[in-house]
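Colleague: So the number in the numbering used here is just where the residue sits in the sequence shown, counting from 1, plus 264. We put the beta carbon where it would ideally sit given N, CA and C, even for glycine. All values derive from a computational prediction rather than experimental measurement. Structure incoming, see below.
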Amino acid sequence: MTLILTEKPDVASKFAAYYKAKRATGYFETKDVFITYSFGHLFELLDPNDYLSSWKKWSIQNLPVIPTKFLKKPITGRNIQDHLETIKALLSKAEKVVLATDAGREGELIGREILNHFSWSGKIERFWTSEALTPQVISAALNSLRPSSEFDKLFTLAEARQHADWLVGINFSRLVTCLLGNVDTFPVGRVQTAVLAILCQRHQQIAGFVPVSQYALEVTFKTSTNHEFKARLLASRDPLKTLFDKSDQPKTVMHDLSDPFTAAVSSVVTTDVSRNPPKLFSLTALQIEANNFFGFSAQKTLDLAQRLYEEYKILSYPRTPSRVLGESDVNLVSKLFTTLNETYPAVFAQFDQSKIDAANRRVFDNAHLEDHHALLPLAPAPSELPPDEKKIYELVLRSFAAAFSPDSQEFKTQVFLRANQHDFYAQGTVIKSKGWLAIYPQKTEPKDDADEDQQLPDLGEGQQVSGRGIKSGLKETKTKPPKTYNEASILAVMRNPARLYTKETEDENIIPAGLGTEATRAAIIEILISHGYVERKGKALLAKEKGIFLIDYIKKTPLAQIANPEETALWEAALLKDPAGFLENTKGFIIKSVEKVKNDPIHSPVIPTTVGNCPVCSAPILSKKTFWACSNPNCRFTLSMKVKGTEISETSAKILLSGQKTRFLSFKHDSGRTYKAQLSMDRTGKLSFHFEN
Numbered sequence: 265m266t267l268i269l270t271e272k273p274d275v276a277s278k279f280a281a282y283y284k285a286k287r288a289t290g291y292f293e294t295k296d297v298f299i300t301y302s303f304g305h306l307f308e309l310l311d312p313n314d315y316l317s318s319w320k321k322w323s324i325q326n327l328p329v330i331p332t333k334f335l336k337k338p339i340t341g342r343n344i345q346d347h348l349e350t351i352k353a354l355l356s357k358a359e360k361v362v363l364a365t366d367a368g369r370e371g372e373l374i375g376r377e378i379l380n381h382f383s384w385s386g387k388i389e390r391f392w393t394s395e396a397l398t399p400q401v402i403s404a405a406l407n408s409l410r411p412s413s414e415f416d417k418l419f420t421l422a423e424a425r426q427h428a429d430w431l432v433g434i435n436f437s438r439l440v441t442c443l444l445g446n447v448d449t450f451p452v453g454r455v456q457t458a459v460l461a462i463l464c465q466r467h468q469q470i471a472g473f474v475p476v477s478q479y480a481l482e483v484t485f486k487t488s489t490n491h492e493f494k495a496r497l498l499a500s501r502d503p504l505k506t507l508f509d510k511s512d513q514p515k516t517v518m519h520d521l522s523d524p525f526t527a528a529v530s531s532v533v534t535t536d537v538s539r540n541p542p543k544l545f546s547l548t549a550l551q552i553e554a555n556n557f558f559g560f561s562a563q564k565t566l567d568l569a570q571r572l573y574e575e576y577k578i579l580s581y582p583r584t585p586s587r588v589l590g591e592s593d594v595n596l597v598s599k600l601f602t603t604l605n606e607t608y609p610a611v612f613a614q615f616d617q618s619k620i621d622a623a624n625r626r627v628f629d630n631a632h633l634e635d636h637h638a639l640l641p642l643a644p645a646p647s648e649l650p651p652d653e654k655k656i657y658e659l660v661l662r663s664f665a666a667a668f669s670p671d672s673q674e675f676k677t678q679v680f681l682r683a684n685q686h687d688f689y690a691q692g693t694v695i696k697s698k699g700w701l702a703i704y705p706q707k708t709e710p711k712d713d714a715d716e717d718q719q720l721p722d723l724g725e726g727q728q729v730s731g732r733g734i735k736s737g738l739k740e741t742k743t744k745p746p747k748t749y750n751e752a753s754i755l756a757v758m759r760n761p762a763r764l765y766t767k768e769t770e771d772e773n774i775i776p777a778g779l780g781t782e783a784t785r786a787a788i789i790e791i792l793i794s795h796g797y798v799e800r801k802g803k804a805l806l807a808k809e810k811g812i813f814l815i816d817y818i819k820k821t822p823l824a825q826i827a828n829p830e831e832t833a834l835w836e837a838a839l840l841k842d843p844a845g846f847l848e849n850t851k852g853f854i855i856k857s858v859e860k861v862k863n864d865p866i867h868s869p870v871i872p873t874t875v876g877n878c879p880v881c882s883a884p885i886l887s888k889k890t891f892w893a894c895s896n897p898n899c900r901f902t903l904s905m906k907v908k909g910t911e912i913s914e915t916s917a918k919i920l921l922s923g924q925k926t927r928f929l930s931f932k933h934d935s936g937r938t939y940k941a942q943l944s945m946d947r948t949g950k951l952s953f954h955f956e957n
């Protein structure tokens with residue numbers, strides 16, 4: 265008998281339909297095949313106190329927590345133990361296992377955990393495909409099963425990552441929380457803390473930004489044929505610059521030139537600009553695009569893509585890190601074009617079939633192909649596809665069509681003019697051929713200069729033009745702070761941390777690995793929000809006070825390395841290169857960090873000051889900068905330091921916590937008027953106002 269093990273019940277159902285298998289409790293069966301499933305991860309690493317009872321207490325003296333051997337236990341959940349017994353019984357009857365969990369690092373870990381738990385020593389073959397599980401795809405993959413040994417390194421990578429994340433999370437979360445006097449729980453993670461540091465750095469850049477005035481002198485020129493165009497006084501030709509730090513020079517030119525005035529064209533530079541179509545989508549690239557176009561969170565985009573893959577079967581495997589296809593995928597692309605062009609002729613109007621060639625390295629490139637090829641649309645969308653799913657599908661559809669469409673062609677013209685020894689500059693861009701841009705009617709690129717797209721007339725050296733507006737053309741602008749991160753921009757940095765240290769680039773080799781993986785980046789953002797470190801405001805992701813405080817503190821301790829995005833990316837590269845060595849280095853870093861804290865008095869725990877006892881549970885109340893909070897992690901009591909626009913002093917807080925009324929304080933009504941009242945607080949923490957007679 266052969267046992268096919270899938271990652272989820274619905275995937276098992278697809279195999280069951282293919283084999284026409286009968287349903288039983290927890291599995292499907294035919295004469296020769298059993299089909300069963302996991303529910304994602306069925307096992308988790310033991311808790312610290314499962315190894316040693318003394319490790320249950322959060323204490324610096326109990327650190328580091330490093331098991332001599334990592335052990336796992338079944339997760340707690342409804343019917344999990346019963347289902348594991350079912351798998352055990354099926355394994356006892358099987359001669360061979362076909363591991364059909366998701367084709368990726370986590371899928372490999374999920375499957376191997378189950379087989380290792382039952383000490384399975386029989387034959388294992390790997391079912392591996394990036395395509396949606398149609399009967400044809402299942403048949404093809406079953407006919408090309410691969411030895412499980414080909415994926416041993418993938419399993420080793422996944423387990424090393426799992427162990428390292430556990431070690432960093434357990435040890436450093438406890439260490440930081442204890443150092444901060446247990447005033448709150450401060451979860452720390454190998455990747456999440458580095459991402460938080462990026463958001464906190466941007467907060468500081470914006471908070472400390474001081475705008476600086478810049479000046480431009482803009483005039484309008486007219487040719488003898490009455491064709492008008494705008495130009496600016498040139499501040500510098502190399503580098504090209506039309507903004508001045510001071511207004512003195514533009515004002516001198518305004519004084520020198522009358523209105524109107526005459527200028528001569530000193531040079532004209534015309535350049536043909538060809539723009540390649542964007543590469544196919546990886547998951548992160550799709551998440552970035554969906555956030556830019558629709559404001560979708562990374563998690564929402566992943567969930568929608570997963571539905572298109574699993575339920576509708578019209579999208580390839582979504583959790584892919586690749587932006588290319590394999591060189592053997594040429595025939596697949598030809599078939600997809602034939603199928604999709606019938607339904608979407610307008611989208612594929614620019615499609616160039618000659619680009620379906622293994623020599624086209626922008627698309628077909630084994631050297632940059634990872635576990636799965638880039639995202640592809642596999643079939644036309646059904647008419648009943650929900651609106652949000654349709655948006656994601658159409659992004660992938662257009663990406664596929666664009667990748668095989670012609671480059672866009674533009675004429676970029678630069679004109680330099682001189683008037684009374686003063687130089688002016690004009691530029692314009694004219695699209696000669698839209699090419700792939702025609703597939704994205706709503707896709708526009710931001711321009712640094714509003715006049716970059718103007719239509720310039722035919723101009724030649726020495727040509728005379730008339731200028732006007734010199735007396736009123738001075739414009740003052742202010743430098744702008746860095747933009748807040750949204751999910752699109754933070755995902756771009758997580759994918760390519762080199763963006764933090766160089767001009768934005770698609771070269772992903774400057775720093776050899778990203779922060780997190782395609783499968784985990786969305787979850788990392790959600791984790792930071794759930795910890796209270798980050799908040800969403802519209803599309804923006806903003807560091808909150810708790811997150812800023814944590815990063816500021818960590819940077820003063822031996823743990824500073826985990827708040828360094830570049831270091832974290834290098835860790836990820838080390839994991840990919842040598843999983844075992846990476847894990848040992850992680851252990852060494854934890855041991856050294858803990859020892860430094862223990863031996864250096866400067867890092868002794870903060871002793872928190874209390875302002876009273878909690879009215880709900882009687883635990884001490886601690887100050888947290890903008891509010892007071894109960895020190896009991898299971899109690900949700902808080903008291904804001906500002907009520908109705910009025911600061912609540914520590915003295916007033918102590919009075920409230922003692923059950924008494926404060927003195928009369930001034931408060932502001934929503935309408936804007938002020939009034940006086942005393943405050944009191946009951947045993948539930950509810951505030952009451954007591955007004956003057």
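Tell me whether residue 410 sits in a helix, a strand or coil according to DSSP, three-state version.
Modeller: Of the three classes helix, strand and coil, the one that applies to residue 410 here is strand, per DSSP.
Colleague: What residue ranges within the segment 394 to 480 form continuous alpha helix (DSSP H) runs of no fewer than 4 residues, ordered along the chain?
Modeller: List check, alpha helix (DSSP H) in window: 399 to 406, 416 to 443, 456 to 471.
Colleague: Excluding the 5 residues preceding and the 5 following residue 327 in the sequence, name in chain order all residues of the same chain whose CB lies nearer than 7 angstroms to its CB.
Modeller: For residue 327, where only same-chain residues beyond five positions count, the Cβ hits under 7 angstroms are 435, 438, 439, 858.
Colleague: Which residues does DSSP list as the beta-bridge partners of residue 700?
Modeller: DSSP lists no partner for residue 700.
Colleague: Pull up the distance between the alpha-carbon of residue 910 and that of residue 459, whole angstroms please.
Modeller: So the alpha carbons of these two residues sit roughly 35 angstroms apart.
Colleague: Within 8 angstroms, do at least three Cβ pairs link the segment 544 to 559 to the segment 507 to 527?
Modeller: No, because fewer than three Cβ pairs between the segment 507 to 527 and the segment 544 to 559 fall closer than 8 angstroms, the two stretches do not touch.
Colleague: From the DSSP output, in three-state form, read off residue 933 for me.
Modeller: Residue 933: coil per DSSP, three-state reduction.
Colleague: What does a CB cutoff of less than 6 angstroms around residue 297 pick up in its chain, not counting 5 residues either side in sequence?
Modeller: For residue 297, where only same-chain residues beyond five positions count, the Cβ hits under 6 angstroms are 266, 283.
Colleague: What are the start and end residues of the alpha helix (DSSP H) that includes residue 298?
Modeller: Counting along the chain, residue 298 falls outside any alpha helix (DSSP H), though it belongs to the beta strand (DSSP E) covering 297 to 301.
Colleague: If you scan the segment 491 to 566 from start to end, which runs of the alpha helix (DSSP H) of 4 or more residues do you find wholly inside it?
Modeller: Runs found: 512 to 520, 547 to 558.
Colleague: In or out: residue 625 buried (at least 16 other Cβ within 10 Å) or exposed?
Modeller: Label assigned to residue 625: exposed.
Colleague: I need the straight-line Cα distance from residue 913 to residue 927, nearest angstrom please.
Modeller: If I take the Cα positions, the gap works out to 11 angstroms.
Colleague: Of all the options 428, 950, 402, which has the alpha carbon lying nearest to the alpha carbon of residue 844?
Modeller: That would be 428, whose Cα lies nearest to the Cα of residue 844.
Colleague: Please report the distance separating the alpha-carbon of residue 381 from that of residue 799.
Modeller: Going from the Cα of residue 381 to the Cα of residue 799 covers about 40 angstroms.
Colleague: Tell me whether residue 835 sits in a helix, a strand or coil according to DSSP, three-state version.
Modeller: Residue 835 falls in the helix class under three-state DSSP.
Colleague: Quick one: what does DSSP say residue 892 is sitting in, helix, strand or coil?
Modeller: Residue state, collapsed to three classes: strand.
Colleague: For residue 441, collect the residues of the same chain with a Cβ closer than 8 angstroms to its Cβ; drop the 5 residues on either side in sequence, then sort them by chain order.
Modeller: Hits under 8 angstroms: 322, 448, 449, 450.
Colleague: How is the beta strand (DSSP E) around residue 954 delimited, first residue to last?
Modeller: Residue 954 -> beta strand (DSSP E) spans 951 to 955.
Colleague: Taking only three categories from DSSP, how would you classify residue 939?
Modeller: Of the three classes helix, strand and coil, the one that applies to residue 939 here is strand, per DSSP.
Colleague: Rounded to whole angstroms, what is the Cα-Cα separation between residue 359 and residue 563?
Modeller: Their backbone Cα atoms lie some 40 angstroms apart in a straight line.
Colleague: Tell me where the alpha helix (DSSP H) around residue 810 begins and ends.
Modeller: Looking at the DSSP string, the run of the alpha helix (DSSP H) that includes residue 810 is 809 to 818.
Colleague: What's the call for residue 586, buried or exposed, on a 16-neighbour Cβ count within 10 Å?
Modeller: With 16 or more Cβ atoms within 10 Å of its Cβ, residue 586 is classed as buried.
Colleague: Would you identify the three-state DSSP class for residue 829, choosing helix, strand or coil?
Modeller: Reduced to three states, the DSSP call for residue 829 is helix.
Colleague: Just verifying my parser: in three-state terms, what is the DSSP assignment at residue 800?
Modeller: Residue 800: strand per DSSP, three-state reduction.
Colleague: How many Å lie between residue 863 and residue 325 at the Cα?
Modeller: Distance between the alpha carbons of residue 863 and residue 325 is about 11 angstroms.
Colleague: Please name the residue in 917, 861, 851, 276 whose C-alpha comes closest to that of residue 874.
Modeller: Cα-wise, what sits closest to residue 874 is 917.
Colleague: Three-state secondary structure (DSSP) at residue 304?
Modeller: Reduced to three states, the DSSP call for residue 304 is coil.
Colleague: Over the uninterrupted beta strand (DSSP E) stretch that includes residue 390, give me the two end residues.
Modeller: 387 to 390 is the span of the beta strand (DSSP E), which, as asked, contains residue 390.
Colleague: Buried or exposed: which applies to residue 947, given that a residue is buried once 16 or more other Cβ atoms fall within 10 Å of its Cβ?
Modeller: So residue 947 counts as exposed.
Colleague: So does the segment 468 to 480 actually touch the segment 339 to 349, counting three or more Cβ pairs closer than 8 angstroms?
Modeller: They do not touch, by the three-pair rule.
Colleague: On the DSSP letters alone, give me the boundaries of the beta strand (DSSP E) that residue 848 sits inside.
Modeller: It is not in any beta strand (DSSP E) - residue 848 instead sits in the alpha helix (DSSP H) that spans 843 to 863.
Colleague: Compare the Cα-Cα distances from residue 420 to each of 368, 455, 407, 812 and report the closest residue.
Modeller: Answer by Cα proximity: 368.
Colleague: Taking the alpha helix (DSSP H) that residue 345 falls in, what are its first and last residues?
Modeller: Its alpha helix (DSSP H) spans residues 344 to 357.
Colleague: My parser needs the alpha helix (DSSP H) runs of 4 or more residues fully inside the segment 563 to 611; what are they?
Modeller: List check, alpha helix (DSSP H) in window: 594 to 607.
Colleague: Quick check on residue 878: buried or exposed, where buried means 16 or more other Cβ atoms within 10 Å of its Cβ?
Modeller: Flag for residue 878 reads buried.
Colleague: With contact counted as at least three CB pairs below 8 angstroms, one residue from each stretch, are the segment 716 to 727 and the segment 665 to 673 in contact?
Modeller: The segment 716 to 727 vs the segment 665 to 673: no contact.
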